[in-house]
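Its first residue numbered 5, the sequence shown is counted upward by one per residue in the numbering used here.
We put the CB at the ideal spot given by N, CA and C, even for glycine.
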Amino acid sequence: MKVPRAGVQYNFKVEDAAGEEWWIDVSGAFTTVRPGLLRIDTIWKTLGRASVLKAYDPEARILVLTSHLPRSGSEGDKALRAVGPYGVFDAIPMFDEQAVERLSRYANGDATEPIPGFWKAKEITSGWS
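Structure (structure tokens):
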């Protein structure tokens, strides 16, 4: 899905049950030695796309779907967390049942802020305005 005049492309733009829009970024390869968001260059590309989209549409809600999240405390984890939930609404590891449940709840259309999972409750409180 190309974003007109923004020069960025997302895998999907979807609507939840309430008709609200969500931008979906499926990030990282599945079959490499460092799949998903384990590669720092993949994280920088993901954050770059998010930054451009948020500059174009500050209300955009971005979900990042990936096979693997960056390791806790790694440079990639720190970079992803630095943008906060305003920059990336949620990061969903596709093979994690609890994360997929969050995705299902977002699809229901009643999410006004991220559901704790990738983001800790204190990160949601401090990063969502």
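Could you tell me whether the region 100-113 touches the region 13-25, where touching means 3 or more Cβ pairs closer than 8 Å? yes
Can you give me the Cβ contacts of VAL104 inside the same chain, cut-off strictly under 8 Å, excluding the 5 residues immediately before and after it? ILE96, MET98
Residues that GLN13 bridges to, as DSSP identifies them: LYS6
With the cut-off set at 9 Å, would you say ALA83 and LEU107 are in Cβ contact? Not in contact: ALA83 and LEU107 (Cβ atoms no closer than 9 Å).
Straight-line Cα distance separating VAL68 from GLN102: 15 Å
What are the complete alpha helix (DSSP H) segments, minimum 4 residues, inside the region 94-130? Listed in chain order, the complete alpha helix (DSSP H) runs (minimum 4 residues) inside the region 94-130 are 101-112.
Kindly identify the DSSP beta-bridge partner or partners of TRP26. VAL18
From ALA10 to ALA125, what distance separates their C-alpha atoms? Straight-line spacing of the CA atoms in ALA10 and ALA125 works out to 32 Å.
Thinking C-beta only, is ASP100 closer than 9 Å to ILE66? no
Under 9 Å between C-beta atoms of VAL56 and VAL87: no
Since VAL87 sits in a beta bridge, which residues does DSSP pair it with? DSSP output for VAL87 lists no bridge partner at all.
From MET5 to PHE16, what does the alpha carbon distance come to, in whole angstroms? The alpha-carbon atoms of MET5 and PHE16 are separated by roughly 6 Å.
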